[in-house]
Amino acid sequence: MKKRKKGISKLLRSEPFRLIGGLAFFIPAFILERVGLPVLSLALYISALVLSGGAVFFDAVRGIVRKDFLDEKFLMSIASVGAMIIGEAEEGVAVMLFYILGEWFEHIAVRRSRSSIRSLLDIRPDSAVVLSDGEEVLTDADDVEIGSLIVIRSGERVALDCVVVEGGCDLDTSALTGESVPVGVSVGDELLSGAIVASGVVTCRTLRTADNSCASRILDLVENAQEKKSRSESFITRFSRVYTPIVTSLAFLMAVIPTVFGWLSLSESVYRALSFLVVSCPCALVISVPMAYFGGIGGAASSGVLYKGGNVFAPISRARTAVFDKTGTLTKGTLSVSGVVTKDIDEDELLALAASVEYTSRHPIAECIKAAAKKTYPVVLPSELAGRGVLGYIDGKSVAVGNLRYMHSMYVNPPVTDAGVYVAVEGRFAGAIYLSDTIKDEASEAISSLRRLGVSRVVMLSGDRAATAREVGNTLGFDEVHAELLPTGKVERLEKIIKESDGGVIYVGDGINDAPCLARADVGVAMGSLGSDSAIEAADAVIMSDNLLRLSDAIKIARKTERIAMENIIFAIGIKLAILALVSVNLAGMWLAVFADVGVAVLAILNSTRTLIGRRKREK
Amino acid sequence: MKYKYTISGIDCPNCASKLAKLFEKADGVDSAKINFLSEKLTVESELSEAELLPMLREVAEGFDSDIEIE
Chain A
21 MKKRKKGISK LLRSEPFRLI GGLAFFIPAF ILERVGLPVL SLALYISALV LSGGAVFFDA
81 VRGIVRKDFL DEKFLMSIAS VGAMIIGEAE EGVAVMLFYI LGEWFEHIAV RRSRSSIRSL
141 LDIRPDSAVV LSDGEEVLTD ADDVEIGSLI VIRSGERVAL DCVVVEGGCD LDTSALTGES
201 VPVGVSVGDE LLSGAIVASG VVTCRTLRTA DNSCASRILD LVENAQEKKS RSESFITRFS
261 RVYTPIVTSL AFLMAVIPTV FGWLSLSESV YRALSFLVVS CPCALVISVP MAYFGGIGGA
321 ASSGVLYKGG NVFAPISRAR TAVFDKTGTL TKGTLSVSGV VTKDIDEDEL LALAASVEYT
381 SRHPIAECIK AAAKKTYPVV LPSELAGRGV LGYIDGKSVA VGNLRYMHSM YVNPPVTDAG
441 VYVAVEGRFA GAIYLSDTIK DEASEAISSL RRLGVSRVVM LSGDRAATAR EVGNTLGFDE
501 VHAELLPTGK VERLEKIIKE SDGGVIYVGD GINDAPCLAR ADVGVAMGSL GSDSAIEAAD
561 AVIMSDNLLR LSDAIKIARK TERIAMENII FAIGIKLAIL ALVSVNLAGM WLAVFADVGV
621 AVLAILNSTR TLIGRRKREK
Chain P
20 MKYKYTISGI DCPNCASKLA KLFEKADGVD SAKINFLSEK LTVESELSEA ELLPMLREVA
80 EGFDSDIEIE
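Those protein sequences? They're chains A and P, same order as listed.
Following our numbering, the numbering of the first sequence begins with 21 at its first residue and continues without gaps.
Following our numbering, the numbering of the second sequence begins with 20 at its first residue and continues without gaps.
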């Protein structure tokens with residue numbers, strides 16, 4: 021029963037109902053006024069006003085009781101009642117009807133933007149297919165325990181973070197990382213919730229509960245992001261706090277002064293003051309600026325960039341310096357053979373010998389030599405000396421592979437000393453293998469697109485050896501390379517860079533041991549580090565894939581959001597000032613004033629959703 | 020304890036922050052945050068769920084009868 025009652029009161033309070041009801045009285049009143057029945061007409065006008073604006077008056081009175089009354093409902097109530105009192109009944113009702121029409125549009129616009137942002141972020145499935153005793157049971161994602169087996173088929177979204185135990189699939193991670201190319205996944209690989217299985221079927225063991233899974237954490241970050249207000253947002257909040265009282269007092273002066281000096285009649289100056297009040301309602305600003313940031317944060321999240329707050333947009337837009345960590349950020353973080361020096365032996369042969377002896381080793385260096393070798397030989401008696409190298413026999417000859425210390429311990433003196441691995445055959449130097457970390461394929465394009473965006477100083481900070489760091493820096497065209505830095509040295513260097521730079525400094529790291537730098541920079545961007553809590557904690561923005569090109573996307577989204585917020589501020593204040601000027605010289609009446617209020621609000625809200633529209637186009 | 024609710028029917032961001040302040044004034048509520056755009060209400064309170072929700076609803080009812088909390 022109570023629910024039904026609430027349903028009726030909701031209908032009575034809904035804008036379309038109030039609008040139609042108001043019009044139903046307003047139109048006859050308008051006609052009766054023209055045919056000379058002023059009393060009846062006034063009665064109908066009053067009924068129209070009460071029907072359409074009753075709820076507004078009610079809320080305004082409640083506001084006064086709370087001693088917190090200078091809001092738009094209060095302004096609209098004074099304006100319409102004021103107009104009634106000075107005998108402009110027609111306009112008093114019209115103001116209210118326009119206001120309600122505007123509110124209605126505004127609600128529609130807000131609702132639409134809300135739902136379009138939500139659909140972008142709709143990456144958390146409610147249920148998962150759990151395998152229990154060989155039977156598939158559709159289970160609420162929140163009820164799935166850690167360690168359960170779940171089955172995910174093609175076209176389905178991964179509900180919980182899990183690891184594949186059976187089967188294989190192509191995984192579309194675009195909702196998480198913004199990368200559109202599906203990745204192949206097989207037994208032992210981890211799946212993050214929010215990704216979609218593009219083809220194939222996998223059975224997985226869950227690693228986390230739904231609440232702690234990737235998709236939920238992304239949504240939490242995005243939602244919390246709105247609590248950190250951008251500068252423009254806090255400007256608007258402060259602005260509207262001082263604004264309404266100022267405007268109300270100005271309107272009061274506008275009503276009193278011309279009357280006292282006898283320039284205008286009382287009703288004329290009150291009318292102008294009321295129109296002034298209506299225009300000056302700050303609604304458009306108050307709603308559209310946070311909306312722009314909300315759109316920006318939502319749009320960025322769906323391209324794989326998580327902003328931790330609206331306050332990050334301004335500094336990242338203005339940044340002129342970008343500082344990169346090397347290993348894992350600019351490079352793939354996996355070693356590969358970059359060069360070979362040989363003595364009396366073929367290069368391929370050298371690699372084959374080294375790879376054969378290293379065959380059973382799991383050391384990363386061994387792995388990359390094995391990857392580079394084209395063939396291997398059978399090895400007899402392989403042995404490993406931890407921290408030095410390996411020894412084995414091929415065709416009866418001893419083959420030793422290891423570092424410089426290992427060579428020296430066998431009285432082998434290689435002619436070069438800066439290689440990663442040395443090879444000796446029968447106790448004599450045969451060759452050396454140079455290793456380096458491979459630069460990410462997109463790194464060079466990413467740096468040039470940063471430069472196109474106006475980042476003029478690109479710096480690398482690395483803990484690696486100077487020669488290696490410099491080589492990567494030269495290849496990518498860095499302005500400065502600082503190598504052989506300890507973690508504390510990185511922070512000191514970064515502080516120096518921050519001091520020297522005008523415009524902001526972005527620090528980009530992979531989140532492993534550079535949390536202090538991420539925290540210290542104007543904008544810390546953690547890459548590919550959704551797993552690392554400390555990175556998410558310290559960073560201002562998180563790029564979910566390890567694709568460096570997303571960095572310039574992140575900057576572009578931030579700039580667009582900032583621009584839209586600024587447009588909304590300028591547009592709203594500009595139009596209002598223009599109409600205020602017109603009102604005060606009597607070139608505009610209350611009707612136009614109401615448009616200035618609600619029309620501007622609707623347009624600004626629509627403008628805010630452009631951050632999302634741009635994103636959709638790219639998807640197509 | 021931290022409680023999370025869905026709150027619908029708020030008209031503007033300003034109203035959201037005003038209502039949040041009203042919630043914060045209520046006894047037993049340490050902090051209240053309303054996210055206007057995602058329509059989420061987060062309350063930190065020592066009250067139990069059974070005490071908190073009716074109290075929040077009452078405060079919201081006095082503010083604007085369109086507001087619903089779940």
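From the three backbone atoms N, C-alpha and C, an ideal C-beta is built for every residue, glycine too.
- Sequence-distant partners of Gly107(A) (beyond 5 residues in either direction) whose C-beta falls short of 6 Å from its own C-beta are missing from its chain.
- Ala624(A) has its alpha-carbon roughly 11 Å from the corresponding atom of Val130(A).
- With at least 16 other beta carbons inside 10 angstroms of its own, His502(A) counts as buried.
- Judged by their CB atoms, Gly447(A) and Thr362(A) are not nearer to each other than the 8 Å cut-off.
- In chain order, Ala68, Leu71, Ser72 and Leu117 place their CB closer than 6 Å to the CB of Gly42(A), counting only its own chain and leaving out the 5 sequence neighbours on each side.
- Looking at the DSSP output, Gly529(A) bridges to Ala546(A).
- Against chain A, the CB of Asp85(P) has a partner CB under 8 Å away; the residue lies at that interface.
- Secondary structure note for Lys394(A): it is in no alpha helix (DSSP H), with a DSSP letter that is neither H nor E.
- Within the segment 88-163 of chain A, the runs of beta strand (DSSP E) at least 3 residues long that lie entirely inside it are, in chain order, 147-152 and 155-160.
- Membership of Phe281(A) in any beta strand (DSSP E) is not indicated, and neither H nor E is assigned to it by DSSP.
- CA-CA distance, Asp146(A) to Glu186(A), rounds to 23 Å.
- Counted as a single uninterrupted DSSP element, the beta strand (DSSP E) harbouring Gly188(A) occupies residues Cys182 to Asp192.
- Judged by DSSP secondary structure, Asn54(P) falls within the beta strand (DSSP E) whose first and last residues are Val48 to Asn54.
- Counting every other CB atom within 10 Å of its CB across the protein chains shown gives Tyr431(A) a total below 16, marking it as exposed.
- Cβ atoms of Ile166(A) and Cys224(A) stay farther apart than 8 Å, at about 12 Å.
- For Arg425(A), not one C-beta of chain P is nearer than 8 Å to its own C-beta.
- Here DSSP, grouped into helix, strand and coil, assigns Pro402(A) to strand.
- Counting only the Cα atoms, Thr229(A) lies some 26 Å from Asp560(A).
- Within chain A, the C-beta atoms nearer than 8 Å to that of Phe55(P) come from Pro310, in chain order.
- Inter-segment contact for the segment 584-600 of chain A and the segment 341-353 of chain A is absent: fewer than three beta-carbon pairs are separated by less than 8 Å.
- Counting only residues of its own chain and dropping the five nearest sequence neighbours on each side, Leu31(A) has a CB closer than 7 Å to the CB of Phe37.
- In the three-state reduction of the DSSP assignment, Asp573(A) falls in the helix class, which pools H, G and I.
- Within chain A, no C-beta atom comes less than 7 Å from the C-beta of Lys21(P); the nearest is roughly 12 Å away.
- The DSSP-derived three-state label of Ser168(A) is coil.
- Within the DSSP bridge table, the entry for Gly409(A) names Leu405(A) and Gly422(A) as partners.
- The beta-carbon of Lys44(P) is placed no less than 8 Å from the nearest beta-carbon of chain A.
- When DSSP reads this structure, Thr351(A) sits in a beta bridge with Ile459(A).
- The Cβ neighbour count for Pro310(A), taken over all protein chains shown within 10 Å, is at least 16; the residue is labelled buried.
- For Lys248(A), the closest alpha carbon among the candidates Ala215(A), Val400(A), Ala393(A) and Phe314(A) is that of Phe314(A).
- Rounded to whole angstroms, the gap between the alpha carbons of Gly523(A) and Asp542(A) is 9 Å.
- DSSP, read as helix, strand or coil, puts Thr629(A) in coil.
- Between Ala195(A) and Ile216(A) the beta-carbon gap is near 7 Å, inside 8 Å, which marks them as a contact.
- Within the segment 373-387 of chain A, no residue has its Cβ closer than 8 Å to any Cβ of chain P.
- A distance of 8 Å or more separates the beta carbons of Val511(A) and Val528(A).
- According to the DSSP secondary-structure assignment, Gly451(A) is paired through a beta bridge with Thr362(A) and Val443(A).
- Shown here, Glu199(A) sits in coil according to DSSP, grouped into three states, outside any helix or strand.
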